[in-house]
Amino acid sequence: MSMARIWVGTSGYGYHEWVGPVYPEGTEAEDYLSVYEGLFPTVELNFSYYRMPTADQLTHMLLASQKLIFSIKANDTLTHRIDPLSWKERAAEFRRALEPLASSGRLGAVLFQFPFSFHYDIDRRRYLDVLCRSMAPLPLVVEFRNPQWYNNRLIEGLRSRGITLAGLDLPILKDLPPVMDVMTSSLAYLRFHGRNGETWWGSDSASRYDYLYSEIELESFVQRIRALSGRSERILVYFNNHRRGQAVQNGLRLVEMLKNEELVP
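Everything in the sequence shown is counted per our numbering, starting at 1 for the first residue and increasing by one.
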């Protein structure tokens with residue numbers, strides 16, 4: 001058996017287009033979460049990127065589920081629309097909202113996904129340091145879309161602070177980060193975005209995640225998880241290829257494959 005505990009889920013669950021492919025016809029939005037919990041043990045919340053979450057919202061999600069582990073994506077005011085004059089207030093607001101998840105023991109991780117425009121320079125490095133300190137001791141994960149961040153200095157800095165560098169799967173394109181798994185904490189965090197190189201930089205962001213992984217591609221993920229399992233205490237895996245429920249299809253199949261390899265019970 002694996003040394004690490006492994007959870008597989010999807011990035012987001014509240015997609016109306018999943019009614020039919022994933023949720024039974026007629027399922028109401030308020031019931032999505034309870035149905036989802038019958039499929040996966042964890043979910044990565046991404047509504048929090050678009051609007052600041054509240055403690056009441058997250059408490060409601062805890063009550064609407066039984067044992068679901070929640071990871072949560074940081075609000076865009078902390079990653080994409082950073083205001084030098086107000087970001088500390090936004091960070092404190094976000095931190096307060098997470099208290100129900102943290103106190104319940106059902107917080108998987110807090111994800112900070114930074115865009116390509118978040119360059120590796122002294123000001124942004126300082127910002128990242130202060131931001132992460134403000135969120136301690138929560139389990140933190142960073143994902144960079146700019147490959148400049150993938151260097152030894154950054155990796156050692158994350159390791160000394162116990163912050164996880166997300167492992168990704170995405171198209172192999174010149175200006176995207178490398179596909180690599182580097183352990184910087186006891187938590188491994190994998191995000192599978194699909195491999196739509198033709199539409200990745202297009203204006204239609206939805207088509208970016210319209211991708212169904214093949215059996216061969218999923219097998220490569222099994223091998224990645226196996227390699228990480230001996231070096232991690234926990235592994236969180238999220239499929240972000242959410243169009244038409246493809247993330248669910250791939251996630252369920254990956255769980256089957258992990259069971260066959262005795263990596264999960």
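Quick reminder that beta carbons are idealized off the backbone N, C-alpha and C, glycines included.
Taking all protein chains in view, the Cβ of Y50 is surrounded by fewer than 16 other Cβ atoms within 10 Å, so the residue is classified as exposed. Secondary structure of Q66 (DSSP, three-state): coil.
Straight-line spacing of the CA atoms in N46 and S71 works out to 9 Å. For the options V182, R161, A227 and H242, the alpha carbon positioned closest to that of F192 is the one of H242.
In the DSSP assignment, A247 falls within the unbroken alpha helix (DSSP H) covering Q246 to N260. In terms of Cβ geometry, V182 and G9 do not form a close pair [threshold 9 Å].
Of the candidates S229, K174, R253 and G251, the residue whose Cα lies closest to the Cα of M3 is S229. Nearest to L111 by C-alpha distance, out of A29, R5, A166 and N240, is A166. For the 9 Å CB-CB criterion, K73 and E37 do not form a contact.
Residue state for V35 is assigned as helix, using DSSP reduced to three classes.
By the Cβ-count criterion, E44 is buried, with 16 or more other Cβ atoms from all chains shown falling within 10 Å of its own Cβ. The way I'd put it, the segment 138 to 147 does touch the segment 95 to 107; three or more beta-carbon pairs between them come closer than 8 Å. W200 is bridged by DSSP to nothing; it lacks a bridge partner.
Between Y209 and N240, the CB-CB gap stays under 9 Å.
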